[in-house]
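The listed protein sequences derive, respectively, from chains A and C. So the first sequence is numbered by this note's numbering: it starts at 698 and just counts up by one. So the second sequence is numbered by this note's numbering: it starts at 9 and just counts up by one. No residue lacks a Cβ here, since even glycine has one placed at the ideal position from N, Cα and C. Remember, it's a predicted structure, so these values are computed and weren't measured experimentally. Worksheet: one structure, shown below.
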Amino acid sequence: MDTDQQQVAFDALIASDGRVEPRDWMPEGYRKTLIRQIAQHAHSEIIGMQPEGNWITRAPSLRRKAILLAKVQDEAGHGLYLYSAAETLGMSREEMLDLLHAGRQRYSSIFNYPTPTWADVAAIGWLVDGAAITNQVPLTRCSYGPYARAMIRICKEESFHQRQGFESQLQLSNGTPEQHAMAQDAIDRWWWPSLMMFGPPDDDSPNSAQSTAWGIKRFSNDELRQRFVDICVPQAQTLGLTLPDPDLCWNAERGHYDYGVIDWTEFQQVLKGNGPCNRQRIATRRQAHSDGAWVREAAAAYAAKKQAAGATVPVAA
Amino acid sequence: MTSPVSEQPGAAPANADVAAYAIRLGDDALILSHRLSEWTAHAPQIEEDLALANIALDLLGQARTLLAYGGAFSGRSEDDLAYLREERQFTNLQLTEIENGDFAVTMIRQLLFSCYQHELYRDLESSTDAQLAAIAAKAVKEVSYHVEHASTWVLRLGDGTELSHDRTQAALDAVWPYSHELFVDDELVRRMADSGVGPLPSVLRPAWLGAVQDVLTEATLVLPDDDWQPSGGRNGLHTEGFGYLLAEMQHLHRSHPGAQW
Ligand SMILES: [Fe+2]
Ligand SMILES: [Fe+2]
């Protein structure tokens, strides 16, 4: 088949809502878009371990410590599935990490905010994992097979994280006045950045149309953001916490909650690297990577020696 | 589960000795879990972020059952024991509290400790205390994986590059002295051995040494001299870094007395 015929076959596959698999022909733009998106997603899982990992050693009960450790462990697992999914498109994990460390691939801007209190862990679970699920459930039907399948597995765990975050937030809200205040303060800080997780508004999202045509994106940024707001408002009422938006109110005509104006200047600033923790997050990642270089080199040297000796190499644990 | 007793949640130890013994083992698991969890987001590769968190989580699970069981004798919860005791009341081995150092120190410490815990739990599976026997039977499977993980890494690091070999030998030299305390017999463990609750630690050493030596030799590492033998953990005497660990672990819980989380 020549390229034209391949393009026709690809278009037909997308039109029939079929799945593209690694060995199938695909347009270069499709491949590049997916690598960028899946790598960004993988990097977010890995960088996301930092703000929450910040509280593992200080968790206020052993039960909460275990839940948090298990969650952070899940996020490392998500990173691994996603790097593997991206590798099927022809870029190695090593290369993706180099691009992350060089600031040439992104991660979700949400992880550039700090976690000064324990309630931030609950807020991240409830709002950030909640927003992630809203974004990711449609991706389980993404046209690229390996990404769609990774998402099915990941979404199950994310919804578990979201429920645990909500439950932790409820316990804080119903706890002592100090705990309640801590929970409210965290919501005040995390609400708007969570809404920004859905990306720029539809009239300022240049790549969305192509991603939608390719069956990567199923709903627009604003549609997903609205869905998230509609889910969160009643949940906040159950929690006895106030979402920090005076314009938030039910619009019977639209059948949705109206919400206030998002500060896109802040979003752009964080994207540019000027959020509170951008430099710290990348510096920590780079440090871990360079501190670990001798360990990875040792593993590679050992594997090479064993291979030369014809022995079986112990599988990476 | 070996007997109906072990299936009763909240079963209390028969006497203060068994309670203190369970708390010792719980403290070991709790403190090493804490140290391992410090690696989160700092590991050499993502597989290790995951593996170290997984081992930390296993140890935390063991700590929770052991502390809940030990505490039940005196009406203290797992959290009372973890968060409200002072440094001098913690009875973990010093090996479990020493700082992470580089990845080689962490893996050597893990190899020495997990091999010890494996021998101990295998013995405890036939404890006359049904609850401890049940806890050990579950934990021994987890610990087998910890031994395998640490062994694999000690082999790779010891027999990897020249640099990794030197760092791992240095790690072994630094950590080895703390291994002696694992096998010290004191009055409590003698009473435990007499009543068939648990083994004399000294009895575990030959099998432990055999297992550890096999790995170290294959990893081209040299066993250090048995000169300095620090101890005191079982009597609440700890290394200077331990107070900082507790300060970090306990501060939030203590800042909100009586709060539920
Ligand atoms: Fe995740
Ligand atoms: Fe998550």
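Buried/exposed call for T73 (chain C), threshold 16 Cβ in 10 Å = As a working mapping, residue 73 (chain C) is identified with position 65 in the second sequence. It is buried - the Cβ of T73 (chain C) has at least 16 other Cβ atoms within 10 Å.
Is the Cβ of H50 (chain C) closer than 8 Å to any Cβ of chain A?
-> Here residue 50 (chain C) is taken as the residue at index 42 of the second sequence, counted from 1. At least one chain A Cβ lies under 8 Å of H50 (chain C).
Taking 8 Å as the CB-CB cut-off, is T812 (chain A) touching chain C?
-> The residue you call residue 812 (chain A) lines up with position 115 of the first sequence. Closer than 8 Å: no.
If you measure from the beta carbon of V717 (chain A) to each beta carbon in chain C, is any gap under 8 Å?
-> In the first sequence, the residue the question calls residue 717 (chain A) occupies position 20. So no, V717 (chain A) is outside the interface.
Which whole-angstrom value describes the C-beta separation of A985 (chain A) and A51 (chain C), a residue pair presumed to lie in contact below a C-beta threshold of 8 Å?
-> As a position in the first sequence, residue 985 (chain A) is number 288, starting the count at 1. As a position in the second sequence, residue 51 (chain C) is number 43, starting the count at 1. Rounded, the Cβ-Cβ distance is 7 Å, consistent with contact.
Within chain C, the residues that R761 (chain A) reaches when beta carbons sit closer than 7 Å | The residue you call residue 761 (chain A) lines up with position 64 of the first sequence. In chain order: W269.
Minimum Cβ-Cβ distance from K644 (chain A) to chain C less than 8 Å = Beyond the ends of chain A as shown, which are 698 and 1014, falls residue 644 (chain A); an answer cannot be given.
Could you tell me which chain C residues have their CB closer than 7 Å to the CB of I753 (chain A), listed as they occur along the chain?
-> The residue you call residue 753 (chain A) lines up with position 56 of the first sequence. Per Cβ cutoff of 7 Å: S45 and T48.
Using a beta-carbon distance below 8 Å, is Q876 (chain A) in contact with chain C?
-> As a working note, residue 876 (chain A) is residue 179 in the first sequence. For Q876 (chain A), the answer is yes, since a Cβ of chain C falls inside 8 Å of its Cβ.
Beta carbon of D900 (chain A): closer than 7 Å to some heavy atom of ligand 1?
-> To locate residue 900 (chain A), count along the first sequence from 1; it is residue 203. No, the Cβ of D900 (chain A) stays beyond 7 Å of every heavy atom of ligand 1.
What does a CB cutoff of less than 8 Å around G79 (chain C) pick up in its chain, not counting 5 residues either side in sequence?
-> Locating residue 79 (chain C) in the second sequence gives position 71, counting from the first residue. Taken in chain order, the residues that qualify are A27, I31, S85, E86, D88 and L89.
Rounded straight-line distance, which links the Cα of W236 (chain C) to that of A112 (chain C) = Taking the first residue of the second sequence as position 1, residue 112 (chain C) is located at position 104. Taking the first residue of the second sequence as position 1, residue 236 (chain C) is located at position 228. Using only the alpha carbons, I get a separation of about 21 Å.
Exposed or buried, what is Q16 (chain C) when buried is set at 16 or more other beta-carbons lying within 10 Å of its beta-carbon?
-> One-based indexing of the second sequence puts residue 16 (chain C) at position 8. With a pLDDT of only 47 at Q16 (chain C), under the threshold of 50, the placement of this residue in the model should not be trusted, and no figure is reported.
Under the assumption that A179 (chain C) contacts G109 (chain C) (Cβ atoms under 8 Å), give the Cβ distance between them as a whole number of angstroms.
-> In the second sequence, counting from the first residue as 1, residue 179 (chain C) sits at position 171. In the second sequence, counting from the first residue as 1, residue 109 (chain C) sits at position 101. Contact flag correct, Cβ pair sits at about 7 Å.
The alpha helix (DSSP H) spanning H775 (chain A) covers which residue range?
-> Your numbering for residue 775 (chain A) matches position 78 in the first sequence. Start and end: L759 to E784.
When the cut-off is 8 Å and only beta carbons count, does P757 (chain A) lie next to chain C?
-> Within the first sequence, residue 757 (chain A) is the residue found at index 60, counting from 1. Chain C, which has a Cβ nearer than 8 Å to the Cβ of P757 (chain A), makes this yes.
Residue-level contact to chain C via CB, Q966 (chain A), 8 Å cutoff = The residue given as residue 966 (chain A) occupies position 269 in the first sequence. Not one chain C Cβ lies under 8 Å of Q966 (chain A).
Nearest CA to the CA of G970 (chain A): which residue from A:L936, A:R803 and A:T785?
-> Translated into positions along the first sequence, residue 970 (chain A) becomes position 273. Measuring from the Cα of G970 (chain A), the nearest candidate turns out to be A:R803.
Does the distance from the C-beta atom of A138 (chain C) to that of F81 (chain C) stay below 8 Å?
-> In the second sequence, the residue the question calls residue 138 (chain C) occupies position 130. In the second sequence, the residue the question calls residue 81 (chain C) occupies position 73. Taking 8 Å as the Cβ cut-off, A138 (chain C) and F81 (chain C) do not qualify as a contacting pair.
Any chance the CB of H42 (chain C) is under 7 Å from a heavy atom of ligand 2?
-> Along the second sequence, one-based indexing puts residue 42 (chain C) at 34. No; taking the cut-off as 7 Å, the Cβ of H42 (chain C) has no heavy atom of ligand 2 nearer than that.
Are the CB atoms of V230 (chain C) and L163 (chain C) nearer to each other than 8 Å?
-> Indexing the second sequence from 1 puts residue 230 (chain C) at position 222. Indexing the second sequence from 1 puts residue 163 (chain C) at position 155. No.
Do we get a CB-CB distance below 8 Å when we pair D222 (chain C) with the residues of chain A?
-> Start at 1 with the first residue of the second sequence, and residue 222 (chain C) comes out as number 214. No - not a single Cβ of chain A is within 8 Å of the one on D222 (chain C).
Under 8 Å, do V64 (chain C) and L766 (chain A) count as touching if we go by C-beta distance?
-> On the second sequence, residue 64 (chain C) is found 56 positions in, with the first residue counted as 1. On the first sequence, residue 766 (chain A) is found 69 positions in, with the first residue counted as 1. Contrary to the premise, residue 64 (chain C) reads as Ala rather than Val in this sequence. It is a contact, given that the beta carbons lie within the stated cut-off.
Own chain, CB closer than 7 Å to T247 (chain C), minus 5 neighbours either side, in chain order = The residue you call residue 247 (chain C) lines up with position 239 of the second sequence. So the list reads Q102, E105 and I106, once near-sequence residues are dropped.
CB contact below 8 Å: Q70 (chain C) versus chain A = For the purposes of this step, residue 70 (chain C) is taken as residue 62 along the second sequence, with counting starting at 1. No - not a single Cβ of chain A is within 8 Å of the one on Q70 (chain C).
For I959 (chain A) versus W889 (chain A), is the C-beta distance shorter than 8 Å?
-> For this step, residue 959 (chain A) is matched to residue 262 along the first sequence. For this step, residue 889 (chain A) is matched to residue 192 along the first sequence. Going by C-beta atoms, I959 (chain A) is nearer than 8 Å to W889 (chain A).
Taking 8 Å as the threshold, find out whether the segment 865 to 873 of chain A comes into contact with the segment 927 to 945 of chain A through three or more Cβ pairs.
-> yes
Please confirm whether T228 (chain C) and G266 (chain C) have their CB atoms less than 8 Å apart.
-> Locating residue 228 (chain C) in the second sequence gives position 220, where the first residue counts as 1. Locating residue 266 (chain C) in the second sequence gives position 258, where the first residue counts as 1. Not closer than 8 Å, so no.
Could you give the residue range of the beta strand (DSSP E) that holds N948 (chain A)?
-> Against the first sequence, residue 948 (chain A) aligns to sequence position 251. Note, N948 (chain A): beta strand (DSSP E), C946 to N948.
Does any heavy atom of ligand 1 sit closer than 7 Å to the C-beta of H126 (chain C)?
-> Here residue 126 (chain C) refers to the residue found at position 118 of the second sequence. For ligand 1, not one heavy atom lies less than 7 Å from the Cβ of H126 (chain C).
In the structure shown, what three-state DSSP assignment does D234 (chain C) receive?
-> The residue you call residue 234 (chain C) lines up with position 226 of the second sequence. If DSSP states are grouped into helix, strand and coil, D234 (chain C) belongs with coil.
Nearest candidate by alpha-carbon position, reference D795 (chain A), set A:A998, A:F964, A:S987 and A:A819 | Indexing the first sequence from 1 puts residue 795 (chain A) at position 98. The option with the nearest alpha carbon to D795 (chain A) is A:S987.
Got a sec: is the Cβ-Cβ distance from N108 (chain C) to anything in chain A below 8 Å?
-> The residue labelled residue 108 (chain C) in the question sits at position 100 within the second sequence. Not an interface residue.
What number of angstroms, rounded off, separates the C-alpha of K768 (chain A) from the C-alpha of H858 (chain A)?
-> Walking along the first sequence from the start, residue 768 (chain A) turns up at place 71. Walking along the first sequence from the start, residue 858 (chain A) turns up at place 161. One C-alpha to the other measures close to 7 Å.
Along chain A, in chain order, which residues have C-beta atoms closer than 7 Å to that of R84 (chain C)?
-> Taking the first residue of the second sequence as 1, we reach residue 84 (chain C) at position 76. Simply none; closest approach about 13 Å.
On a CA-only basis, which of A:R850, A:Y999, A:V834 and A:M879 is nearest D817 (chain A)? Give me that one, please.
-> Position 120 of the first sequence holds residue 817 (chain A). Minimum Cα distance to D817 (chain A) is reached at A:M879.
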